[in-house]
Each structure stands twice: as C-alpha cells, then as structure tokens.
Amino acid sequence: MAIDAADVAETRVLPRTLAGATVLQIVPALRDTSQVRTTIGAARALVQVGARAIVAGERGDLVDDLKAFGGEWLPFASTTFNPAKLRANAAALDRFVAAERVDIVHAKNAGAAWSALVATDRNSICLITDLPDLPRRRMWLASIYLGALSRGDRVISHSMYNARPMIARHRIPVERVSVIPRSIDLEYFDPATIQTDRIAALRRAWGIPSGMRIVLVPGRIAPWNGHMTLVHAARLLSDNGFTDVTFVMVGDDRRHRRSARAFWKRAQEQNVDALFRMVGHHEDMPSAYAAADLVVVPYTSAPVYGRVVAEAQSMARPVVATTVGPLPENMLAPPRIAEELRTGWDVPPGNPTALARALADALSLDDSEFRAMAARARAFAQYMFSPHRAAAATLEIYASLLETQG
C-alpha cells in the first residue's frame, strides 16, 4: 500500500527533543570538504544524543566515516536545476520523509533546497537551509539560483558578511538567521604538535638567516591578495628601523605569473626585494605558521572565507588582516573588543601606512606580550572554529525548532 504523505503529516506528532528524532541533511556529495566534514560532525553529535542521522548526497570518500558511528547514507543527486529533475527529487524526498518519519530536513545547497521545500511543506516539518559562501560579485544570481535557500524555517550562514546581501535581497527576518563560523581541524593546526627541528628545517629551506623574524604571507600571488600594498608597507617598516624582518610568501606563484613579475618589479623599485621570499605552494602549513612570528593577510578583495586568519590563530600566531569580507569577524581587534582581548590587528585594504603601523605594533611586542597574545589567539580559535562547537550550535537550532513546533 502506498504511503500518502498528507495523511502522515495530519497524524504525526513531532518529538520535542532530539532524542528519538530523525534528521536528514542533504549535501551535494559526501566528499572530503569543509561543508561535508561539518555535516558529518553534526551527524555524529545527533547519534550521540539518541537521534537518527541521515545524510543524503552522491557517494564520496566520507560515506564509510558516516556509517562507522551509526549514521546512514541516502544516495541522492541534488545538484541540478533541471525542472523535471527537481520535481522528481521533490517527489522522492516527499516519499522518503513520510516513510522514514523524518522530523527535520537540512538542505545545504540550492538544488536540495528547492526539492526540500516541497517535501517539508507537504509533511509539515522543519526545513533548515545553509547560505552559500559566494563572492558578492556573484550575488546577482541570488534571486534565481539561491532563492530557495532563503526560505528555511532557520537559515544558517558562516558569516554576517555573506548573510547581509541575502537578508536584504530576500527580506529574511534577522531572527531566522544564525551565524555558525566554518570550523577548522584544531588538532592539525595545533602548535603543540610541531617540533623545533621541523621549524629549523623550514627556515633553512627558505634561506632565513639566524636572528631574522618571519612575517608569513599565505595565499597565491594574485592581484586581489594585496601584495603590492605589502611592498610599500615593507618600505615604510624598513625606513623605521625594522631591518630584521623577512616576508615569506607561501602560495602558488605560477598561476598569475604577470602578477608575480609586477610584484618583483615594484619590490625592486622600492629597494625592498631582499626582504621577500616567494617559496611557492607548501603542504605543511602548520609548520609554516609555527615558523612565523606574525601572519599578515593584506587582501584588497573579500575572500569567500577567512580560513588563513582562523588557521593562524589556531597556531597561536597574531594576525594583521585587512577589513575586507568576513576577515574582521574571524579575529579580535579593537575597537570592537577591549585591548587586553586583542588577537590581531585589522587595517583598511590598500593602505600601506596603516598596514605598516599595524605590523610595527605587532613586531614591537615583547616576549611576555607575544606569549599572552599567542595564548589568546589559540584560545579564541579553539572556541570560534571548533568542529564540536559548530556541531553543538547546529543541534541547538534543531532542538529549538522541535521544541517550538513539536
């Protein structure tokens, strides 16, 4: 006998707690990405509190990880905007939600959201959506491509910077929006795991003389990453007596060869080329951060996600970063917080004077001040970017919806 979703919706009573609830999360595929790792973390937390955790998506290398702790995988291809496929997906989800007595659907991409809107409406259950991390230059697509993601009972964004244009365009009530920063692997980015011989070997490989301090500049050589501003800031630093500093630029320097050539030309014109090392891509970023005294992020255009700022603080390194995109949300700096809570400095983009001043302040910390700031940075990262915190915050949203609508 076929199950009628409407009949089920009329007779069902939703649980008021997560224990015994069934939660379906939908991702494009269970591949090893930040989004899917966060999804797996939430699924694990759900199982631990007695809920049933199902993750729908195409097969990927994290399917076995999901099953290992009792999570369930539903093969499901949601990355489509073909109207016929969307209707078919909606019908399939409708049947699945009714048959499996799903209590919450959490759609993490637009295709899934379009289909989930139908299924959750027919079954009178909660829909949660995730806003994508998109550059603002692509937000003009939002009204068509991303519209469904604005219609969840709760909407999750990874930064207020990314949420604001969607809130404005789709008139999402602010109280429906929750910000949960993307998590990072705090065990991988842990200064306690780095041996001094790894740091010494890296300094030798980079050609850094003894006694020279390192300012790490992570990120590919590209026009929007602010390297030209850094050249002029380096000139100002040198003029003010900071001659024991080497800027190590870690990132792909081949994709934008013209930018790399322009950078070296400008550095030579400013007579600071000797202060820079361009070392290319580096796999062992924890060691790179550990070898540095300071990390600078001089972007002139907003990144999708301020991962470098999060990683640097997790490695107990102070950060100087520009106020573009979500970067200011990812560290602590006055005037937003008190001076004694500072973990870094934020400066206007494209302003070499402000950048040089912040670098000088950071490089002028004495040993005790540096250790205190390093400890604050690590503690802040452990709180702000913890996978456990992200999972707990997600489960709190699930629980609040069940309590309200149960």
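Each residue of the sequence shown is one higher than the last, beginning at 0 in numbering that gives the first Met the number 0. A virtual CB, placed ideally from N, CA and C, is assigned to each residue, including glycine. Please read these numbers as outputs of a predicted model, since none were measured by experiment.
> Can you name the residues that DSSP bridges to D129?
Replying inline: I155
> Based on Cα-Cα distance, which residue from T228, G151, P208, E338 lies nearest to V216?
Replying inline: Comparing Cα-Cα distances from V216 to each of T228, G151, P208, E338, the minimum goes to T228.
>> Alpha carbons only, please: which of P347, R150, G40 is nearest the one belonging to T299?
In response: Per the Cα distances, P347.
> Cβ of P297 within 8 Å of Cβ of T321?
Replying inline: yes
> Looking at the structure shown, is D322 part of a helix, part of a strand, or coil, going by DSSP?
Replying inline: Here residue 322 is Thr; the residue named in the question, Asp, does not match the sequence. Residue state, collapsed to three classes: coil.
> If you draw a straight line from the alpha carbon of D152 to that of R170, how long is it in whole angstroms?
Replying inline: 14 Å
> If G343 sits next to A332, beta carbons under 8 Å apart, how far is it from one beta carbon to the other, in whole angstroms?
Replying inline: 6 Å
>> Do F241 and A67 count as a contact pair if the criterion is CB distance below 8 Å?
In response: Taking 8 Å as the cut-off, the Cβ atoms of A67 and F241 do not count as close.
>> Measuring straight from C-alpha to C-alpha, what distance separates S286 and I198?
In response: 6 Å
>> Suppose contacts are defined by Cβ-Cβ distances below 8 Å. Is D102 in contact with I124 by that definition?
In response: yes
> What three-state label does DSSP hand Q34 in the structure shown?
Replying inline: helix
> If you scan the segment 25-84 from start to end, which runs of the beta strand (DSSP E) of 3 or more residues do you find wholly inside it?
Replying inline: 51-57, 71-74
> Are three or more beta carbon pairs between the segment 204-223 and the segment 180-188 nearer than 8 Å?
Replying inline: no
>> DSSP three-state label for I198, please.
In response: helix
> When we look at the beta-carbon of Q194 and count the other beta-carbons within 10 Å, is it buried (16 or more) or exposed?
Replying inline: exposed
> Relative to the C-alpha of A167, which residue among G146, H157, D184 is closest?
Replying inline: G146
> Per DSSP, M277 forms a beta bridge with which residues?
Replying inline: BP columns for M277 point to M248.
> So the beta strand (DSSP E) W344 belongs to, where does it begin and stop?
Replying inline: 343-346
> If L293 and V308 are in contact, beta carbons under 8 Å, what's the gap, nearest whole angstrom?
Replying inline: The Cβ separation is near 13 Å, so there is no contact.
> What number of angstroms, rounded off, separates the C-alpha of L23 from the C-alpha of R306?
Replying inline: 28 Å
>> Just to confirm my understanding: we take A118, look at its own chain, exclude 5 residues before and 5 after, and list those with CB closer than 7 Å. What are they?
In response: A89, L92, D93, V96, V104
> Q312 and A398: beta carbons closer than 8 Å?
Replying inline: no
> Rounded to whole angstroms, how far is the Cβ of P131 from the Cβ of S77, which I believe are closer than 8 Å?
Replying inline: Between S77 and P131 the Cβ distance is about 13 Å, and since that is not below 8 Å, they are no contact.
>> Beta-carbon within less than 7 Å of E99's beta-carbon, same chain only, minus the 5 sequence neighbours each way: which residues are those?
In response: T21.
> For A106, which residues does DSSP report across the bridge?
Replying inline: I25, T128
>> Applying the 10 Å Cβ sphere with the 16-neighbour rule, what's the burial state of E310?
In response: buried
> Where does the unbroken beta strand (DSSP E) through P302 begin, and where does it stop?
Replying inline: Counting along the chain, P302 falls outside any beta strand (DSSP E), and DSSP gives it neither H nor E.
> According to DSSP, what are the bridge partners of I213?
Replying inline: T245
> From this set, P317, W263, R254, which residue's C-alpha is nearest A289's C-alpha?
Replying inline: Nearest C-alpha to A289: P317.
>> So if DSSP puts S177 in a beta bridge, which residue, or which two residues, is it bridged to?
In response: Answer by DSSP bridge pairing, in chain order: I155.
> Exposed or buried, what is F39 when buried is set at 16 or more other beta-carbons lying within 10 Å of its beta-carbon?
Replying inline: In the sequence under discussion, the amino acid at residue 39 is Ile, which differs from the Phe named in the question. Burial check for I39: the Cβ neighbour count within 10 Å reaches 16 or more, so the residue is buried.
> Nearest CA to the CA of S237: which residue from A392, F275, G324?
Replying inline: F275
>> On the DSSP bridge list, what partners appear for V294?
In response: According to DSSP, V294 bridges with L215, V318.
>> Can you find the residues in the same chain that come closer than 6 Å, C-beta to C-beta, to A106, ignoring five residues on each side of it along the sequence?
In response: I25, A112, A115, T128
> Secondary structure at P262, three-state DSSP: helix, strand or coil?
Replying inline: Here residue 262 is Phe; the residue named in the question, Pro, does not match the sequence. In the structure shown, F262 sits in a helix (DSSP, three-state: H, G or I).
> Near G59, what residues of its chain come up, given a Cβ to Cβ distance below 6 Å and the 5 sequence neighbours on each side ignored?
Replying inline: A28, L29, R30
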